[in-house]
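J.: Residue numbers (the numbering used here): 1133 to 1232. Idealized CB from N, CA, C, for every residue including glycine.
(1) Indicate the three-state DSSP secondary structure (helix, strand or coil) for residue 1170 in the structure shown.
(2) How many angstroms separate the CA atom of residue 1188 from the CA atom of residue 1169?
(3) Mapping the DSSP letters down to three states, classify residue 1133 as helix, strand or coil.
(4) Does the segment 1151 to 1160 touch the segment 1190 to 1207, meaning 3 or more C-beta pairs lie closer than 8 Å?
(5) Exposed or buried, residue 1141, counting other C-beta atoms within 10 Å across all chains shown (16 or more means buried)?
(6) Between residue 1210 and chain C, is any beta-carbon pair separated by less than 8 Å?
(7) Which residue comes first and which comes last in the beta strand (DSSP E) that contains residue 1140?
This is the structure:
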């Protein structure tokens, strides 16, 4: 858990204020076309995915995002699943990460 308290995901500058629905983005559609089961394997529900995106702001660590998503959705979220989803978001250039 401690390792994730120093990583702060942020919405990519090319996305912030320009794209509002990840599912409508070209990079999402392209990735999902090549990897149709990628998100199904994570078993995140719609509310969890939306909450994760809502809490990404470049100021909250992965640990804080996880804790807030759990509180908001009342569903457990392990770090492995969260980091896999964040890796997916990075792969489609939806987020960036900085270490502090």
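T.: On the basis of the data shown:
(1) coil
(2) 24 Å
(3) coil
(4) no
(5) buried
(6) Reference to chain C is not applicable here, since this structure consists of a single protein chain.
(7) 1139 to 1143
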